[in-house]
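Asks:
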Amino acid sequence: MGKQNEDFTVIKANALLENRVKFKLVELKLTLAVIAQIKREDDEFKDYQVHIQDFQELTNRDGDMHTYAKNVCIGLRAKTIVIPMGKGKNLVTGYFSDIEIHEKGQIVFSISPKMRPYLLQLRKNFTVYDIRNVLNCRSVYSIRLYQLLKQYEGIGKRTMSLDELKHILGFESGQYTRWGNFKTRIIEVARKELKKSSDLYFEYETEKKHRVVHSITFTILKQRQKRLFDGEDFIRNDEPIKRLKATEQYLKRQEEQDKESEPAPKEIKERLNLNA
Numbered sequence: 065m066g067k068q069n070e071d072f073t074v075i076k077a078n079a080l081l082e083n084r085v086k087f088k089l090v091e092l093k094l095t096l097a098v099i100a101q102i103k104r105e106d107d108e109f110k111d112y113q114v115h116i117q118d119f120q121e122l123t124n125r126d127g128d129m130h131t132y133a134k135n136v137c138i139g140l141r142a143k144t145i146v147i148p149m150g151k152g153k154n155l156v157t158g159y160f161s162d163i164e165i166h167e168k169g170q171i172v173f174s175i176s177p178k179m180r181p182y183l184l185q186l187r188k189n190f191t192v193y194d195i196r197n198v199l200n201c202r203s204v205y206s207i208r209l210y211q212l213l214k215q216y217e218g219i220g221k222r223t224m225s226l227d228e229l230k231h232i233l234g235f236e237s238g239q240y241t242r243w244g245n246f247k248t249r250i251i252e253v254a255r256k257e258l259k260k261s262s263d264l265y266f267e268y269e270t271e272k273k274h275r276v277v278h279s280i281t282f283t284i285l286k287q288r289q290k291r292l293f294d295g296e297d298f299i300r301n302d303e304p305i306k307r308l309k310a311t312e313q314y315l316k317r318q319e320e321q322d323k324e325s326e327p328a329p330k331e332i333k334e335r336l337n338l339n340a
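Here the working numbering = 1-based position in the sequence shown + 64.
1) Just grab the DSSP bridge partners of Thr123 for me.
2) Whole angstroms are fine: how far does the CA of Tyr182 sit from the CA of Ala77?
3) Looking only at DSSP bridge pairs, what is Met179 linked to?
4) With three or more C-beta pairs closer than 8 angstroms as the rule, is the region 217-229 touching the region 275-288?
5) Only counting the same chain, and skipping five residues up and downstream in sequence, which positions put a Cβ closer than 7 angstroms to that of Glu108?
6) If we ignore side chains and look at the alpha-carbon of each, how far apart do Lys168 and Lys86 end up?
7) Assign Lys88 to buried or exposed, taking buried as 16 or more other Cβ atoms, counted over all protein chains shown, within 10 Å of its Cβ.
8) Of the choices Tyr132, Lys93, Thr144 and His115, whose alpha-carbon is the least far from that of Gly234?
9) Does DSSP put Gln287 in a helix, a strand or coil?
10) What residue range is occupied by the uninterrupted beta strand (DSSP E) comprising Ile147?
11) With 16 other CB atoms within 10 Å as the buried threshold, where does Asp111 fall?
12) With a threshold of 16 other CB atoms inside 10 Å of the CB of Thr95, please say whether the residue is buried or exposed.
13) Give the single residue among Val172, Lys151, Leu140 and Lys178 whose Cα lies nearest to the Cα of Thr157.
14) Nearest by alpha-carbon distance to Ile138: which of Lys103, Val90 and Glu105 is it?
15) Where does Asp194 land, buried or exposed, given buried means 16+ other C-beta within 10 angstroms?
16) Considering only DSSP beta bridges, list what Leu264 is partnered with.
17) Hey, is Leu213 close to the ligand FMN, as in C-beta under 7 angstroms from one of its heavy atoms?
18) In terms of residues, what are the limits of the beta strand (DSSP E) holding Glu164?
19) May I have the straight-line CA-CA distance separating Leu226 from His166, to the nearest angstrom?
20) Just the Cα atoms here: how many angstroms apart are Asp71 and Lys103?
21) Suppose you measure from the CA of Lys244 to the CA of Leu81; what does that come to, to the nearest Å?
22) Going by alpha carbons, who is nearest to Leu130 out of Ile171, Asn200, Lys230 and Tyr159?
23) Among Val277, Ser176, Gln101 and Tyr268, which has the Cα closest to the Cα of Thr241?
24) At which residues does the beta strand (DSSP E) containing Thr157 begin and terminate?
25) Excluding the five sequence neighbours on either side, which residues of its own chain have a C-beta within less than 6 angstroms of the C-beta of Ile250, listed in chain order?
26) For His115, which residues from the same chain have a beta carbon less than 7 angstroms from its beta carbon, with the 5 sequence-adjacent residues on both sides left out?
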């Protein structure tokens, strides 16, 4: 894997992907932007920076960004992770030990030292993926489902009980008691978002017990990702969040062009490299 691709690569222990953490969309994308700065060869954490200006472009907000960034970081800092360690032990921690918001415009993230076995020098039970496959998702659950399915990409299927899936996604027992609502608002949204811009998507079947959906089997389907990220506008090593916003804007423009011309003009096909 080349250096440019490594700038987008997240490597996480499966224990983190399976963990019950209820992220907001901006919190999860910000966390991924930080983790993607960790290098494969690192054996210790460093301080990782994100600029307020890039954060503003990602969130598409106006006004007092320092206050908004502070509130987002307070929520992110408070996220608790409980990781089973075996033999009846659990680790209660969080991704970040400290987050500094500087007046000059940087947000500096210090990853908790307890996260070292789950993010550094991983040798087994981990998943690698390119964050560009999920950064265009508008639902946080699409990203979470992507992570859960990416682990099983080589197998091609994953079966989960509906209760287990809801638990990992952070829902309480009283939420989405009707399968139809969960299917429409969570599963179908994720399926469509991933099919649109990711390297994998899924189809699914359900199994019922006593006429109630009990489990769901995902069939994981690979697809050639549209090559939207080869140009200089989308590979800027020092501005990970600005890249994300630029990509989203490009996709929006591309959708508008596609509506105006069916099939896509030759120059658009060449830009997307659809036949690669």
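From the three backbone atoms N, C-alpha and C, an ideal C-beta is built for every residue, glycine too.
Replies: Checking against the coordinates, here is how it stands:
1) Within the DSSP secondary-structure output, Thr123 pairs in no beta bridge.
2) Ala77 and Tyr182 have their C-alpha atoms roughly 5 angstroms apart.
3) In the DSSP output, where bridge partners are listed per residue, Met179 has none listed.
4) The way I'd put it, the region 275-288 does touch the region 217-229; three or more beta-carbon pairs between them come closer than 8 angstroms.
5) Taken in chain order, the list of residues that qualify is empty.
6) Their backbone Cα atoms lie some 31 angstroms apart in a straight line.
7) It counts as exposed.
8) Per the Cα distances, Thr144.
9) DSSP places Gln287 in coil when its eight states are reduced to three.
10) The continuous beta strand (DSSP E) containing Ile147 extends over residues Ile145 to Gly150.
11) When all chains shown are included, Asp111 counts as exposed.
12) Classification for Thr95: buried.
13) The shortest CA-to-CA distance from Thr157 to any of Val172, Lys151, Leu140 and Lys178 is the one to Lys178.
14) Measuring from the Cα of Ile138, the nearest candidate turns out to be Val90.
15) Burial state of Asp194 is buried, judged by a 10 Å Cβ sphere holding 16 or more other Cβ atoms.
16) In the DSSP assignment, Leu264 forms a beta bridge with Lys286.
17) Among the ligands in the structure shown, none appear at all, so the ligand FMN cannot be discussed.
18) First-last of the beta strand (DSSP E) with Glu164: Phe160 to Ile165.
19) Rounded to the nearest angstrom, the two C-alpha atoms are 43 angstroms apart.
20) Roughly 8 angstroms separates the two Cα atoms.
21) The amino acid occupying residue 244 in the given sequence is Gly; Lys does not appear at that position. Pairing Gly244 with Leu81, the inter-Cα distance amounts to about 26 angstroms.
22) The question names Leu, yet the displayed sequence has His at residue 130. It is Ile171.
23) The shortest Cα separation from Thr241 among Val277, Ser176, Gln101 and Tyr268 belongs to Val277.
24) Per DSSP, Thr157 belongs to the beta strand (DSSP E) from Lys153 to Thr157.
25) Once the five neighbours on either side are set aside, the close Cβ partners of Ile250 are Tyr205.
26) Contacts found: Gly169 and Gln170.
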